[in-house]
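Residue numbering for the sequence shown follows this note's numbering, beginning at -15 and increasing consecutively.
Built from N, CA and C at the ideal position, the CB exists for glycine as well.
Take a look at the structure below.
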Amino acid sequence: MKLGIIDYMIIILSVAILGVAYVLFIDEDNSIGTLFNSPTYTVSFDLNGADSITANNVVCNNTRDGCVATLPTAKRNNGSIIGFSLNPDDKNALYKENETITLTSDMKLYVISSKNRIIKIDSSDVDFIEKKEVSCQTFNKESECQVELPRFNKKGYQNIGYSTTKNNKTGNSVAAGKDISVAKIEYLMGTSYMLNDESDNLVLYPKYERVGGSYNVQSYGLIHGNYVEYSSSCSINTIKGYLDEIYNHMPFLFTGAKINYVSSAEFNNNWKWLGEEAVKRVWAVTYTGYTDNWIEKVDDHIKPNTIDIKCDADGVYHTLVHEMVHTWDNYYSVKKGDIGPKVISRKNENGGYDIIKPINSMPDIKEIYDKYNTRSACSGKFYCARKISEFVAEMFSHYYDAFMIKKSLLKESDYPADIKKVIEKYICVAKNNYQETGCV
Ligand SMILES: [Zn+2]
């Protein structure tokens, strides 16, 4: 139809009376094309962790297709913009930057962005490194993400962790019989750390030391995350078989400790400072442990986590479990996640630093140890141990023998039911990703 000026005025008047903004489109032939409800809407933006945006809000323009708006662009320093979404926690974008969208209401959009966080490892000094860098991504307002620091190996040495300084005390052979103090270990290998703003651009240097001399060993490589070296007089296949079997039953015992599989002669020579007679009776040494406040005085309080074990001794499979329990024992609270991320310092409520707690500090373990070690009749029994850490190692390794592989160094019936209950609880907790729910 053809409209005259009066018709327009009537329409405009109607619009004013209804109080709604209408837009009238007139086709080229001066006829009315479309008449439709066309309010304008606003999109507002939340930076949601990004640093800047080209517009804090945009208003849509009415067109034949509706009220359309073109989204702005955003910027995240040292990160990237994924787009926009309705949910601040989304990791994928609903809309891209510069996308044109049609609005049917006001809308709030969150910028979706990410930041890649990387720790680089300077591996120039070691024989093996699992990865030369580890990285993870934080999204939006997340301040940290978790990585596991790679394993490395220096042949013949004990390897445990990293430092942020290249030229500090490292690679020393500590005099036999002296307390080892590995300098400037700030990060344990094979454990989880949180990367955040503080850790950006961090380079870590592997640190290693050796008590006594170093063995003339061959590198095998990682077996389920533990680095294995072996003497040519030992069968690597034998220890590999043991480790595979242990992994099937107690995978949590693989904490990244190093295992040196050597002959009795080599072992006795390396540890002879313990006393020639003593060293003949000992089948393995686990050099491990932390003092109570290692993370506060992180420079010198971590000890290596290395097992030296004789390949030609009897009952090596049992001894191996025993030694691996020692390494796991010390790592317990690290593995449990109670402690660890040095990068964010993990300060506790009291302003101090968290302390690594071994499994042998758990109240129910202590209780059962006290019960069985004060009995006068305990002499000669497997649960008589001179230290609680030895008690823990024996309880787990005898449990392994009796109930898991049934090689009966110990019969099931010899294993006290109350000890069994506590040990099974911690096996359950470890297998349950260190959640106690359902394990008590
Ligand atoms: Zn022991």
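- Between ligand 1 and the CB of Ala34, the shortest heavy atom gap is not smaller than 7 Å.
- Within the same chain, and ignoring the five residues on either side of Phe123 in sequence, the residues whose Cβ sits closer than 6 Å to its Cβ are Lys75, Ser98.
- Per DSSP, Gln419 has no beta bridge partner at all.
- Met91 has Val27 as its beta-bridge partners, per DSSP.
- Cys218 and Tyr204 have their C-alpha atoms some 12 Å from each other.
- For Glu374, the CB falls within less than 7 Å of some heavy atom of ligand 1.
- Of the residues Glu170, Lys115, Thr26, Leu206, the one whose Cα lies closest to the Cα of Leu227 is Leu206.
- Sequence-distant partners of Ile96 (beyond 5 residues in either direction) whose C-beta falls short of 6 Å from its own C-beta, in its chain, are Ile66, Gly67, Ser69, Asp74, Ala77.
- No residue range can be given for Ser345, since it is assigned to no alpha helix (DSSP H) and is classified by DSSP as neither H nor E.
- Apart from sequence neighbours up to five positions away, the residues of its chain that approach Ser119 with a beta-carbon distance below 8 Å are Asn100, Arg101, Ile102, Ile103, Val131, Leu179, ordered along the chain.
- For secondary structure counted as the beta strand (DSSP E) over 3 or more consecutive residues, the region 112 to 142 holds these complete runs in sequence order: 117 to 123, 129 to 132.
- Annotated as proximal: Trp312 and Phe236, with beta-carbon spacing under 8 Å.
- Collapsing the DSSP output to three states places Glu250 in a helix.
- In terms of Cα proximity to Val27, the closest of Ile37, Ser36, His302, Asn41 is Asn41.
- At a threshold of 7 Å, Ala377 counts as near ligand 1, since its beta carbon sits closer than that to one of the ligand's heavy atoms.
- Between the beta-carbon of Tyr189 and that of Asp106 there is about 5 Å, and that keeps the pair under the 8 Å contact cut.
- Boundaries of the beta strand (DSSP E) around Leu206: 202 to 207.
- Taking the Cα positions, Thr54 is about 37 Å away from Ser183.
- When the Cα atoms are used, Val263 and Tyr271 turn out to be separated by approximately 14 Å.
- Taking the CA atoms as reference points, Cys362 sits about 12 Å from Tyr353.
- Apart from the 5 residues on each side of it in sequence, Lys224 sits with its Cβ closer than 7 Å to the Cβ of Ile207 in its chain, given in chain order.
- The region 403 to 420 and the region 375 to 392 touch, with no fewer than 3 CB-CB distances between them shorter than 8 Å.
- Membership of Ala53 in the beta strand (DSSP E) is indicated by the continuous run 50 to 54.
- Its chain contains Thr24, Thr26 as the residues whose beta carbon lies nearer than 6 Å to that of Val43, once the 5 sequence neighbours on both sides are disregarded; these appear in chain order.
- In this structure, Gly259 keeps its C-beta atom at 8 Å or more from the C-beta atom of Lys191.
- Looking at the DSSP output, Tyr79 sits in a beta bridge with Phe68.
- By the CB criterion at 8 Å, Asp292 and Asn252 fall outside the cutoff.
- Cα atoms of Ala39 and Asp109: separation of roughly 50 Å, rounded to the nearest angstrom.
- About 5 Å separates the beta carbon of Pro342 from that of Tyr316, a gap short enough to meet the 8 Å contact definition.
- Relative to ligand 1, the beta carbon of His382 is positioned no closer than 7 Å to any heavy atom.
- The C-alpha of Gly63 is placed about 22 Å away from the C-alpha of Lys92.
- If you ignore the 5 residues before and after Thr86, its C-beta comes within less than 6 Å of the C-beta of Gly50, Val52, all in its own chain and listed in chain order.
- By the beta-carbon neighbour count (other beta carbons within 10 angstroms, threshold 16), Lys150 is exposed.
- Rounded to whole angstroms, the separation of the alpha carbons of Lys409 and Tyr214 is 34 Å.
- In the structure shown, Glu378 falls within a helical segment according to DSSP collapsed to helix, strand and coil.
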